[in-house]
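Just below is one structure, and these are the notes that go with it.
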C-alpha cells in the first residue's frame, strides 16, 4: 500500500503511463514489454567508430518515455530505463559482444540542459547500471561546448558539422585511459554525437568497445 502522502498525490494528480498515457502506473504492462527488447546492431552511412546497438526503434512509446524523463523530470521512469539498459548490457556481455568488465560513459550533454532537467537522464542510467551490474563502473568523462547548436534543429550534414570538435573531455577522462569503455545515449539519429564521443574518448586513451542507445531513429 502507498503511504498516505503518496495516496493523496494520486488523488490530486493521478499517475498515467509515460509511454502511452493509460492511467494507473508510471509504465503500463504493455509499454514495459515494448521497452524490453533485445539489443540489435544499428547501421549508418558514416562510420561511428565502434559497434552501436539499440534497444529498439524510435517508437511513439519510446519517444513519450524520453520526453517524460528529459522534459518532465520523471525519476521513476529514469530508474526503470536504467534497469532496461542493465538487462541489455548483460545480454550483450553474455553473447561476447562487449567485455565482461567495462566503464560506462554517458554521451555528452550541455551542463545547462542537465541542470534544467533535474540531472542528466543518461548519466543516471549509467549510475543505475554500475550499481546493479557487477564488473561495471561509470564515469561522466565528456561534456559539450556551451555554444553547440541544438541538434534537433539540424539536418544530417549540419549535425555532423555541428559536432565536429564540440565534444570535450573532462579532466577525469584520464581515469579511463587503457580501459574498455561503452558509450550510452538515449537516441541515435545520424550518429554524429556518438561518433564525436568515441573519437574524443579514443583520443584520451580509452579503449572504446561499443555503444548502446535506447532508441534507433
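In our numbering, the protein residues as written are 10 to 226.
Every residue, glycine too, gets a C-beta built ideally from N, C-alpha and C.
A quick note: this is a predicted structure, and the numbers were derived from the prediction, not measured.
Within 8 Å (strictly less), CB to CB, does residue 97 reach chain D? Within the model displayed, chain D is absent; a lone protein chain is all it includes.
What are the boundary residues of the beta strand (DSSP E) that includes residue 223? Unbroken beta strand (DSSP E) run through residue 223: 216-225.
Spatial neighbours of residue 127 within its chain, please: C-beta separation below 6 Å, excluding the five flanking residues on both sides. Close CB contacts of residue 127 within its chain, under the 6 Å cut and outside five residues either way in sequence, are with 82 (chain order).
Go ahead and pull the three-state DSSP assignment for residue 178. Note: residue 178 maps to strand in three-state DSSP.
Helix, strand or coil for residue 56? Go by DSSP, reduced to three states. Coil.
Can you tell me which of 179, 200, 149 puts its alpha carbon nearest to the alpha carbon of residue 171? The shortest C-alpha separation from residue 171 is found at 200.
For residue 133, does the count of other Cβ atoms within 10 angstroms reach 16, so buried, or fall short, so exposed? With 16 or more Cβ atoms within 10 Å of its Cβ, residue 133 is classed as buried.
Which class does residue 112 belong to by DSSP, given the choice of helix, strand or coil? Note: residue 112 maps to strand in three-state DSSP.
Residue 63 and residue 224 look like a contact to me (Cβ under 8 Å); what is the Cβ gap, rounded to whole Å? Contact between residue 63 and residue 224 holds: their C-beta atoms lie close to 6 Å from each other, under 8 Å.
Quick one: what's got a C-beta closer than 6 Å to residue 112's C-beta in the same chain, skipping five residues either side? Taken in chain order, the residues that qualify are 146, 148, 185, 188, 190.
Which class does residue 47 belong to by DSSP, given the choice of helix, strand or coil? Note: residue 47 maps to coil in three-state DSSP.
In the structure shown, what three-state DSSP assignment does residue 67 receive? In this structure, residue 67 counts as coil in the three-state DSSP scheme.
Cutting at 8 Å between CB atoms, please list the residues of its own chain near residue 95, excluding the five before and the five after it. If we look at residue 95 and ignore the five residues flanking it on each side, its Cβ neighbours are 137, 138, 141, 142.
Assuming residue 205 and residue 175 make a contact with CB atoms under 8 Å, what is their CB distance in whole Å? That belief holds up - the Cβ atoms of residue 205 and residue 175 are roughly 6 Å apart, short of 8 Å.
If we count the other Cβ atoms within 10 Å of its Cβ and call it buried at 16 or more, is residue 91 buried or exposed? Counting C-beta atoms within 10 angstroms of its own C-beta, residue 91 has 16 or more neighbours from the protein chains shown and is therefore classed as buried.
Once DSSP output is grouped into helix, strand and coil, what is the label at residue 152? Residue state, collapsed to three classes: strand.
Between which two residues does the beta strand (DSSP E) holding residue 196 run? Unbroken beta strand (DSSP E) run through residue 196: 189-197.
Under 8 Å, do residue 131 and residue 195 count as touching if we go by C-beta distance? Against a cut-off of 8 Å, the Cβ pair of residue 195 and residue 131 comes out as a contact.
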